[in-house]
Amino acid sequence: MKNLNTFKLIERISTLVRAEERKKLAALGLQPIHIQVLDYLNSCNSYSNTAAAITEYFGLTKGTVSQSLLVLERRELLEKVQDSEDARIIHLNLTAKGYELLALVHADDVFAQAEQAVKNQQFNSIDNALLAALEALQKTHNAPSFGSCATCINFDVEDNHYLCSVTRLPLFQAETDKICREHIPAHAA
1396 MKNLNTFKLI ERISTLVRAE ERKKLAALGL QPIHIQVLDY LNSCNSYSNT
1446 AAAITEYFGL TKGTVSQSLL VLERRELLEK VQDSEDARII HLNLTAKGYE
1496 LLALVHADDV FAQAEQAVKN QQFNSIDNAL LAALEALQKT HNAPSFGSCA
1546 TCINFDVEDN HYLCSVTRLP LFQAETDKIC REHIPAHAA
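Going by the numbering used here, the first residue of the sequence shown is number 1396, and it counts up by one from there.
See below:
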């Protein structure tokens, strides 16, 4: 069960990061896959900067990759260059504009914010470190915590009855470990 909790924390952090990335990219008229492709091309070697390699790396269809590459090429973020030895191979290279966009997108690195929040702290488990990172990201981006009722500041127990002080509704015991959108971490008080 411990691994499931770790997985859920990682998944929640990933969901939050993706949501923030989508907001930022939408303002630029791009989709997350566009930046992922640019990141990949920035990181791969000269044998792996092809549409086929991108298709394999991301597990996408040729059509999806082709459409993404068209958008990036039209926006002058990458250029296609024919291989000097094998004319059938087309290499994809970032343009100066592509490098500038990557720098702009990564200037506000959400992981750096999370790392700063947990830096120099001692944690007795990976879950506690992940939870601290998640809470830092949520606070930075004003994102709801979606934690379990039992860990919420609004969770009340009266005469062995469970109650949410926000909704003023009773909770079944089985619900006290469930996710709630009204959650505020108890230690946030």
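All residues carry an ideal CB built from backbone N, CA and C; glycine is no exception.
Bear in mind that the values here come from a model prediction, so they are computed numbers and not experimental data.
Let's see if you can read the secondary structure: which residues bound the alpha helix (DSSP H) around residue i?
i: E1495; result: 1491 to 1501
i: H1582; result: Run containing H1582: none; DSSP gives neither H nor E here.
i: L1564; result: Careful: L1564 lies outside any alpha helix (DSSP H), inside the beta strand (DSSP E) at 1564 to 1566.
i: G1424; result: No alpha helix (DSSP H) contains G1424, which DSSP labels as neither H nor E.
i: G1454; result: Careful: G1454 lies outside any alpha helix (DSSP H) and carries neither H nor E.
Could you tell me if the beta carbon of residue i falls within a distance shorter than 8 Å of some heavy atom in the ligand SAM?
i: Q1511; result: Although the ligand SAM was asked about, the structure shown includes no ligands whatsoever.
With DSSP as the reference, identify every bridge partner of residue i, one or two as the case may be.
i: K1475; result: L1487
i: S1543; result: I1574
i: L1532; result: Beta-bridge pairing links L1532 to no other residue.
Could you name the residues of the same chain whose beta carbon sits closer than 8 Å to that of residue i, not counting the 5 residues immediately before and after it, in chain order?
i: Y1602; result: The question about residue 1602 has no answer, for the chain in this structure spans 1396 to 1584.
i: I1574; result: F1541, G1542, S1543
i: S1560; result: N1549, F1550, D1551
i: Q1477; result: I1484, I1485, H1486
Grab the span of the beta strand (DSSP E) containing residue i for me, first residue to last.
i: D1551; result: 1550 to 1553
i: L1558; result: 1556 to 1559
Going by C-alpha distance, which of the options is nearest residue i?
i: L1535; options: T1401, D1522, L1411; result: Residue identity check: residue 1535 is Thr in the sequence provided, not Leu. Answer by Cα proximity: L1411.
i: E1468; options: H1429, T1456, V1513; result: H1429
i: S1401; options: Q1511, D1554, S1479, A1524; result: What sits at residue 1401 in the sequence shown is Thr, not Ser. Per the Cα distances, A1524.
i: R1576; options: C1547, A1502, L1433; result: C1547
i: A1482; options: T1445, L1499, A1531; result: T1445
i: Y1494; options: A1414, Q1533, V1432, T1456; result: V1432
i: F1532; options: N1519, V1513, Q1517; result: The sequence shown places Leu at residue 1532, not Phe. It is V1513 whose Cα lies nearest to the Cα of L1532.
i: T1562; options: N1555, D1554, H1578; result: H1578
i: L1497; options: A1581, G1458, L1420; result: L1420
i: Q1409; options: E1530, L1455, S1461, L1465; result: Going by the sequence as given, residue 1409 is Ser instead of Gln. Here the closest residue by C-alpha is E1530.
Apart from the five residues on each side of it in sequence, which residues of its chain come closer than 7 Å, Cβ to Cβ, to residue i?
i: R1417; result: P1427
i: C1435; result: In the sequence as displayed, the identity of residue 1435 is Tyr instead of Cys. Closer than 7 Å at Cβ, skipping near neighbours: I1449, Y1452.
i: K1457; result: T1450
i: I1521; result: T1401
i: S1443; result: none
So, at 6 Å on beta carbons, what are the nonlocal neighbours of residue i in its own chain, with the 5 sequence-adjacent residues on each side left out?
i: M1396; result: For M1396, the pLDDT reaches just 45, beneath the cut-off of 50, and the residue's location in the model is therefore unreliable, leaving the point undetermined.
i: R1413; result: none
i: T1459; result: none
i: F1518; result: A1524
i: V1500; result: I1430
Does any residue of chain C have a CB that is nearer than 9 Å to the CB of residue i?
i: C1439; result: Of the protein chains in the structure, only one exists, and it is not chain C.
Exercise for the section: For the segment 1404 to 1416 and the segment 1432 to 1441, state whether three or more C-beta atom pairs, one from each stretch, are separated by less than 8 Å. Expected result: no
Exercise for the section: Decide if the segment 1489 to 1502 is in contact with the segment 1461 to 1481; the criterion is three or more beta carbon pairs, one per stretch, under 8 Å apart. Expected result: yes
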